[in-house]
């Protein structure tokens, strides 16, 4: 048995009280608030279970065993830790008294079945037309940001979008905790590392990104943009590293740009606001908004192109697809529909060559006679 197999067996032993939930494909998250208070997210709904650990000590032993797998420790100096299980499930742990009721842990399960683009159409998460539009953007090396709330399916969608990248390209993936599972042959996966108990050895997303630029990448995929590294990312996107992707927590396309601007400010580089916004709009081409509904469904609810700043120096987006709700009988059900707007990228040589063979998006990219859609002029 190799190291991973050994840890898989031992971690399984320590997590025996919640093993049934880890095996249940309808459970997406296991939330251990205390040793005897365990919730799960099952089919999109939160459910309190009867499961419990024998004691607080047994629970803490399970936590320490999981952290040991990724070489981390939960201490007073490092009371917040991200880790993962051998199967790729993501783990976050908080030590008491930061968690006032004692140590708590959440396990975001790794999807055993990888969704593909067509499966998302079947689920109603997007449409064939929206899928083709985004496929064209990926092949055309547009820079994409996938935005949404917690547990909205950002990482899942990023996996699906990455599948559109040609197999002959070199991809560098940078993450805090490895979650992305790219199917291409030439993938370099980098993972950040926290400091040891003496405060030494930390390797941040920002450090890995700078290193990635020296690895001759065709594409760079950042698992999540969450700090000052955002400024380096957008600078790289505007200096020859096209076709990059990342995710970000935000609730609307304009919120996404504002939040990205805020993250850039965390870099502590003193740039005039207009210059920073101009860099953001120059770097990001397409915004994809995903939403988690109250019944647990996840869907793409907006796709927008980023436009240059307006005369007042404010962000502008062009809505390409928006989510239209259904009838009153099921108002939460809807469909992603084209707004009737033409893409600003239709005349770019790479997109032009691709879109001439498009089946569903030729009109969007301006190669068919325009029509009226939802009353929006073509």
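In this note's numbering, the protein residues as written are 1394 to 1771.
Cβ coordinates follow ideal geometry from the N, Cα and C atoms, glycine included.
Keep in mind it's a predicted model, so treat the numbers as computed, not measured.
query: Unbroken beta strand (DSSP E) run spanning residue 1432, endpoints; result: 1430-1435
query: Three-state secondary structure assigned by DSSP to residue 1574; result: coil
query: Under 8 Å between C-beta atoms of residue 1692 and residue 1667; result: no
query: DSSP-derived helix/strand/coil call for residue 1738; result: coil
query: Nearest-angstrom Cα separation, counted from residue 1408 out to residue 1534; result: 43 Å
query: Exposure label - residue 1704; buried when at least 16 CB within 10 Å; result: exposed
query: Distance cut-off 7 Å: residue 1511 Cβ against heavy atoms of the ligand SAH; result: The model depicted lacks the ligand SAH and carries no ligand whatsoever.
query: Alpha carbon of residue 1428 to alpha carbon of residue 1677, nearest angstrom; result: 44 Å
query: Straight-line Cα distance separating residue 1517 from residue 1532; result: 23 Å
query: Residue 1671, enclosing alpha helix (DSSP H) - first and last residue; result: 1666-1676
query: Start-to-end residues for the alpha helix (DSSP H) that takes in residue 1462; result: 1449-1462
query: Contact between the region 1678-1686 and the region 1637-1657 (3+ Cβ pairs under 8 Å); result: yes
query: Per DSSP, the bridge partner or partners of residue 1601; result: In the DSSP output, where bridge partners are listed per residue, residue 1601 has none listed.
query: CB contact flag (residue 1564, residue 1616, <8 Å); result: no
query: Sheet register partners of residue 1638 (DSSP bridge); result: 1537 and 1614
query: Sequence-distant residues of its chain with Cβ nearer than 6 Å to residue 1738 (five each side left out); result: 1744
query: Neighbourhood of residue 1503 by C-beta, 6 Å cutoff - its chain only, sequence neighbours within 5 removed; result: 1480, 1481 and 1482
query: Close Cβ partners of residue 1485 (< 6 Å) along its chain, the five nearest in sequence each way excluded; result: 1475 and 1499
query: Assigned exposure category for residue 1523 - 16 Cβ within 10 Å defines buried; result: buried
query: Proximity below 8 Å, CB of residue 1635 to CB of residue 1536; result: yes
query: Nearest neighbour of residue 1405, chosen from 1458, 1395 and 1421 [CA to CA]; result: 1458
query: Residue 1755 (DSSP reduced to helix, strand or coil); result: coil
query: Residue of 1529, 1628, 1734 and 1511 minimising C-alpha distance to residue 1664; result: 1628
query: Close beta carbons around residue 1672, own chain, < 6 Å, minus the five adjacent residues each side; result: 1627
query: Reduced DSSP category for residue 1688 - H, G, I as helix; E, B as strand; rest coil; result: coil
query: Opening and closing residue of the beta strand (DSSP E) in which residue 1438 lies; result: 1438-1441
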